[in-house]
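As you go down the protein sequences, you meet chains F and C in turn. Residue numbering for the first sequence follows the UniProt record's numbering, starting at 1 and increasing by one per position. Residue numbering for the second sequence follows the UniProt record's numbering, starting at 1 and increasing by one per position. Glycine included, every Cβ here is placed at the ideal spot set by N, Cα and C. Presented below is the structure to which this report refers.
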Amino acid sequence: MEMPVPNPSIIARKARVVQRLHQVLPADAVISDEQETRAYECDALTAYKCPPMVAVLPYTTQQVSDVLRICHEEGVPVVPRGSGTSLAGGALPTADCVILGVARMSDVIETDYDNRFIKVQTGRTNLSVTGAVEEHGFFYAPDPSSQLACAIAGNIAMNSGGAHCLKYGVTTNNLMGVTMVLMDGEVIEVGGAYLDAGGLDLLGLICGSEGQLGVVTEATLRILHKPEGARPVLIGFDDNEVAGACVSDIIKAGVLPVAIEFMDRPCIEATEAFAKAGYPMCEALLIIEVEGSDAEIDHQLGLISDIARRHNPVELRQSQSPEESAKIWLGRKSAFGAMGQINDYMCLDGTIPVSALPHVLKRIGEMSDHYGLKVGNVFHAGDGNMHPLILFDANKPGDLELCEEFGAEVLKLCVEVGGCLTGEHGVGIEKRDLMHVQYAREDLDAQMSIKDIFDPAWLLNPAKVFPLDASESRRSVLLAAE
Amino acid sequence: MMDITSEDALVDAIKGARTPVSVQGGITRGLPKTGAVLSVAGLNGITLYEPGALTLVAQAGTPVADIEAALAQENQRLAFEPMDHRGLLGTTGKPTIGGVMAANVSGPRRISVGAARDFLLGVRFVDGQGVVVKNGGRVMKNVTGYDLVKVMAGSYGTLGVLSEISMKVLPRPETQATLVLHGLDDTTGVRAMAAALGSPFEVTGAAHDPAQKKTMLRIEGFETSVMYRLGRLRDLLGNMGAEITVSDEHKTADAWTAIRDVAAFSATQDDVWRVSCKPSDGPALAVRSQADAWLYDWAGGLIWLRCAAGHDLRRKLGAFDGHATLVRADDETKARLGVFHPENSGVARLTSALRAKFDPKGLFNTGLMERAA
Numbered sequence: 001m002e003m004p005v006p007n008p009s010i011i012a013r014k015a016r017v018v019q020r021l022h023q024v025l026p027a028d029a030v031i032s033d034e035q036e037t038r039a040y041e042c043d044a045l046t047a048y049k050c051p052p053m054v055a056v057l058p059y060t061t062q063q064v065s066d067v068l069r070i071c072h073e074e075g076v077p078v079v080p081r082g083s084g085t086s087l088a089g090g091a092l093p094t095a096d097c098v099i100l101g102v103a104r105m106s107d108v109i110e111t112d113y114d115n116r117f118i119k120v121q122t123g124r125t126n127l128s129v130t131g132a133v134e135e136h137g138f139f140y141a142p143d144p145s146s147q148l149a150c151a152i153a154g155n156i157a158m159n160s161g162g163a164h165c166l167k168y169g170v171t172t173n174n175l176m177g178v179t180m181v182l183m184d185g186e187v188i189e190v191g192g193a194y195l196d197a198g199g200l201d202l203l204g205l206i207c208g209s210e211g212q213l214g215v216v217t218e219a220t221l222r223i224l225h226k227p228e229g230a231r232p233v234l235i236g237f238d239d240n241e242v243a244g245a246c247v248s249d250i251i252k253a254g255v256l257p258v259a260i261e262f263m264d265r266p267c268i269e270a271t272e273a274f275a276k277a278g279y280p281m282c283e284a285l286l287i288i289e290v291e292g293s294d295a296e297i298d299h300q301l302g303l304i305s306d307i308a309r310r311h312n313p314v315e316l317r318q319s320q321s322p323e324e325s326a327k328i329w330l331g332r333k334s335a336f337g338a339m340g341q342i343n344d345y346m347c348l349d350g351t352i353p354v355s356a357l358p359h360v361l362k363r364i365g366e367m368s369d370h371y372g373l374k375v376g377n378v379f380h381a382g383d384g385n386m387h388p389l390i391l392f393d394a395n396k397p398g399d400l401e402l403c404e405e406f407g408a409e410v411l412k413l414c415v416e417v418g419g420c421l422t423g424e425h426g427v428g429i430e431k432r433d434l435m436h437v438q439y440a441r442e443d444l445d446a447q448m449s450i451k452d453i454f455d456p457a458w459l460l461n462p463a464k465v466f467p468l469d470a471s472e473s474r475r476s477v478l479l480a481a482e
Numbered sequence: 001m002m003d004i005t006s007e008d009a010l011v012d013a014i015k016g017a018r019t020p021v022s023v024q025g026g027i028t029r030g031l032p033k034t035g036a037v038l039s040v041a042g043l044n045g046i047t048l049y050e051p052g053a054l055t056l057v058a059q060a061g062t063p064v065a066d067i068e069a070a071l072a073q074e075n076q077r078l079a080f081e082p083m084d085h086r087g088l089l090g091t092t093g094k095p096t097i098g099g100v101m102a103a104n105v106s107g108p109r110r111i112s113v114g115a116a117r118d119f120l121l122g123v124r125f126v127d128g129q130g131v132v133v134k135n136g137g138r139v140m141k142n143v144t145g146y147d148l149v150k151v152m153a154g155s156y157g158t159l160g161v162l163s164e165i166s167m168k169v170l171p172r173p174e175t176q177a178t179l180v181l182h183g184l185d186d187t188t189g190v191r192a193m194a195a196a197l198g199s200p201f202e203v204t205g206a207a208h209d210p211a212q213k214k215t216m217l218r219i220e221g222f223e224t225s226v227m228y229r230l231g232r233l234r235d236l237l238g239n240m241g242a243e244i245t246v247s248d249e250h251k252t253a254d255a256w257t258a259i260r261d262v263a264a265f266s267a268t269q270d271d272v273w274r275v276s277c278k279p280s281d282g283p284a285l286a287v288r289s290q291a292d293a294w295l296y297d298w299a300g301g302l303i304w305l306r307c308a309a310g311h312d313l314r315r316k317l318g319a320f321d322g323h324a325t326l327v328r329a330d331d332e333t334k335a336r337l338g339v340f341h342p343e344n345s346g347v348a349r350l351t352s353a354l355r356a357k358f359d360p361k362g363l364f365n366t367g368l369m370e371r372a373a
């Protein structure tokens, strides 16, 4: 993956930049020692690493504003960082950048149960947002699998999803307002504790902009009361296509489960060996969860089971207790870990129309043979968001590149059948150069012109999202001006 | 008047335009006209509908009624419940799906399932220089690049003219019923709605009519489930001091259509305002407004207010968390007070830069979203 050549004139001014940052931040908030900046050299896409020039960890919106103003004046690129859990390289530094981490901004500012919102600083982790309101029976719905560690700042930047978004939506559907600092230090307020923008929907634009439009320091989030209960049913099939048809029939029947998860045989085998959840050995496994009171759950699981039985499942196990539910979820929740036990893996994130599922799984199988790399599929079947896990050996020369080539082919296939490159992880650097596959030049220009407005000098997270050749003229404006 | 029947023709019309145009679909939403009419009502037809994937793609001028009919055949619906403005505004056209999305029109169910913008998965539009831009797609989860889909929803045609949209649709529930609380004042009504929304019983509509002192809470789903939830809600709200009745499926549907379309204000001539606010602020804002009548939807977070013609509601309300839109008034009043709420300076600078970027010739619904001087 190519990154822009660091600007030597910026690196030459490091001492001056550090000194100016010290003037506006407490001593412990500026990290410039080469050993210590190494802690910020990558995010969860660990194949790519580069220590930043400086890392800063401000405590307040004012300090974020001061940092951005200084970097703007000095012409220094800034890479915002939440908890560094991006799977797409969204927080990958360059050697001439300042990493701006919001991890120390984790306060709850306001909780309001009557109006059903919580306002937090964005360094707060996803799970601890729910933690702050669960005593009153409430929760924050988007639940990316990294929710123990990932920050709301990163969730907003990537418009994160999760297993339960079939019912509750993704981040953008649960975000009501933000405080955001623009690259020149201006602090703006968008939205708040009320619904829908009065004018243009800037909130929708900011969510999912991968830290390229501004640094969001505070967020107003919608909270909901927890359902009375939730239980899954596990259904095994000896054919992927039949499993896909079953999902489609359930949706058509008017049942809207909170989650429909799908695992294929390689993934089931790996998971069984690792977690011993007692899954049946079959071609396709569905875990479908519904919510409500006990009687409501029984009714819905009954309907789902009736539909499933018409497709001749090899196994159908309806959970009757929290213990059984935990056992059904155990394998799914350890799927990534199980695949990781076998080898290094790359996790893809394309979305496809649900109807294309059998075709896409067949093609992925053929590609797996062609590239000689094993792949397991686990994904959110209700919304078509796939997570093929391609296994490779990071210590074997050429294997990573082969894996990336395979991954790119899978993502191209997703677009070809009417889907997209990324459903919830974001583009970052990982899918950056594939954007041409999904979007024409004009489509990318329209998106880049948004960044021109928010960040005219292209200093915020500049080498992400857009193919380097497409963004080059914009990114070089600054260099030319020097 | 330019009648457009293809995206190519739309491109040509925009490239050829030298003076401002009024972008129109079904002409039911009562927007002031500026310049020649550019109608996209001829861009008509459902392009793709996959019930099992809960997605539908249609050309922007497709009548909402056609889409609802197609969905009904598969027992599905537009869950965000778009308002029909014709009764309130006295307009007569056919509402189009492009108009619904361009104005981000949602109804009572917005509080539980989201707004029109939350159901919009993808768009094709033509910008002010005649360039066709696509964004999003037809799958439910998509974070590939910036989300121009959201900013097109509610942009009232000021950034570009929608040619095609793709949407998420949802199953129609088996049945519905409404719990009605009688005799509550505004503050208690809003408190009852907050308690209902803060319960696990998935209320999909919460409205309060001060004139009739009726607070309505809608439950939808499978029949046994609806019965169960009504019972639990009744227990929960038993201490509010209200007489509680249940209205059945048929009466419920009509009542919620009336709330959605603000039918109570349709036979009058006064100005009508729409205020989005923090729900618990609703009653105090209503008093401050000095309006002649009002209704609460969205558990108090949406207030419809009827005022004497020319009444400057925003001045009466003063500063508050939210925004006020002038929905019905004569063109002079709309021009004087502005249809949309003034934005804070940071947001205003960005939104006006966005309009300038996408519509550099100033063609589309010029001035509509900026505050009149």
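Inset, instruction - Give me the Cβ distance between L459(F) and V78(F), rounded to the nearest whole Å; I'm assuming they're in contact under 8 Å. - result: 6 Å
Inset, instruction - Note down, in chain order, each residue of its chain lying with its Cβ closer than 8 Å to the Cβ of K226(F), except the 5 sequence neighbours on either side. - result: E134, G137, F138 and F139
Inset, instruction - Following the continuous beta strand (DSSP E) through N377(F), name the residue where it begins and the one where it ends. - result: V375 to H380
Inset, instruction - Answer with yes or no whether the minimum CB distance from M216(C) to chain F is below 7 Å. - result: no
Inset, instruction - Assign I11(F) to one of two classes, buried (16 or more other C-beta atoms within 10 Å of its C-beta) or exposed (fewer than that). - result: The residue is exposed, with fewer than 16 neighbouring Cβ atoms inside 10 Å.
Inset, instruction - Indicate whether at least one CB of chain F lies closer than 7 Å to the CB of A353(C). - result: Chain F contact via Cβ: present.
Legend entry - Terminal residues of the alpha helix (DSSP H) in which N240(F) lies: N240 to K252
Legend entry - Exposed unless 16 or more other CB atoms sit within 10 angstroms - verdict on E430(F): buried
Legend entry - Between the CA atoms of A44(F) and C97(F) - distance to the nearest angstrom: 19 Å
Inset, instruction - Check the DSSP bridge columns for L162(C) and list the partner residues they point to. - result: According to DSSP, which records beta bridges pairwise, L162(C) is partnered with F125(C).
Inset, instruction - Can you check DSSP and say which residues form a bridge with Q176(C)? - result: Listed as beta-bridge partners of Q176(C) by DSSP are E220(C).
Inset, instruction - Within the same chain, show all residues whose beta-carbon is closer than 8 Å to that of A72(C), passing over the 5 residues directly before and after it, in chain order. - result: R172
Legend entry - Close beta carbons around K278(C), own chain, < 6 Å, minus the five adjacent residues each side: Cβ within range, chain order: D321.
Legend entry - Close Cβ partners of R69(F) (< 8 Å) along its chain, the five nearest in sequence each way excluded: D184 and G185
Legend entry - Inter-residue Cα distance where the pair is R474(F) and A253(C): The C-alpha of R474(F) lies about 54 Å from the C-alpha of A253(C).
Legend entry - Within chain C, the residues that D383(F) reaches when beta carbons sit closer than 8 Å: V139, M140 and K141
Legend entry - Counted within 10 angstroms of its Cβ, other Cβ atoms place P142(F) as buried (16 or more) or exposed: buried
Inset, instruction - Compare the C-beta of E249(C) against all C-beta atoms of chain F and say whether one is closer than 7 Å. - result: no
Inset, instruction - Below 6 Å CB to CB, which residues in the same chain sit around R116(F) once its five sequence neighbours on both sides are set aside? - result: I223
Legend entry - M1(F) versus Y296(C): straight-line alpha-carbon distance, rounded: 54 Å
Legend entry - Bridge-paired residues (DSSP) for W274(C): Reading the sequence as shown, one finds Arg at residue 274(C) and not Trp. DSSP lists W304(C) and T325(C) as partners of R274(C).
Inset, instruction - Pick helix, strand or coil for C207(F), following the three-state DSSP scheme. - result: coil
Legend entry - Three-state secondary structure assigned by DSSP to R231(F): strand
Legend entry - Under 7 Å (Cβ pairs) to chain C, residues found in the segment 427 to 442 of chain F: Against chain C - using a Cβ distance shorter than 7 Å - the residues of the segment 427 to 442 of chain F are V427, M435, Q438, Y439 and E442.
Legend entry - Which of helix, strand or coil DSSP assigns to N385(F): Strand at N385(F).
Inset, instruction - Please compile the residues from chain C whose C-beta is within a distance smaller than 8 Å of the C-beta of Q62(F). - result: Neighbours of Q62(F) on chain C: none; closest Cβ ~15 Å, over 8 Å.
Legend entry - Interface flag, M369(C) vs chain F, CB-CB below 7 Å: M369(C) belongs to the set of residues whose beta carbon lies under 7 Å from a beta carbon in chain F.
Inset, instruction - Could you say if the segment 187 to 197 of chain C and the segment 213 to 223 of chain C meet the contact criterion of at least three C-beta pairs nearer than 8 Å? - result: Flag = yes, the segment 187 to 197 of chain C and the segment 213 to 223 of chain C touch.
Inset, instruction - Grab me the residues of K251(C)'s own chain with a C-beta within less than 8 Å of its C-beta, minus the 5 sequence neighbours each way, in chain order. - result: T178
Legend entry - Length at least 4, wholly inside the segment 279 to 345 of chain F: the alpha helix (DSSP H) runs in chain order: 294 to 309, 322 to 333 and 335 to 342
Legend entry - Range of the contiguous beta strand (DSSP E) that encloses K396(F): Careful: K396(F) lies outside any beta strand (DSSP E) and carries neither H nor E.
Inset, instruction - Flag this pair as touching only if the segment 127 to 138 of chain C and the segment 193 to 213 of chain F have three or more C-beta atom pairs under 8 Å; answer yes or no. - result: Too few Cβ pairs lie closer than 8 Å, so no.
Legend entry - Selection from D359(C), S22(C) and E370(C) that minimises the alpha carbon distance to G160(C): D359(C)
Legend entry - Beta carbon proximity, F340(C) to chain F, threshold 7 Å: yes
Legend entry - Under 7 Å between C-beta atoms of residue 484(F) and L166(F): With chain F running from 1 to 482 in the structure shown, residue 484(F) is simply not present.
Legend entry - Helix, strand or coil at R363(F) [DSSP, three-state]: helix
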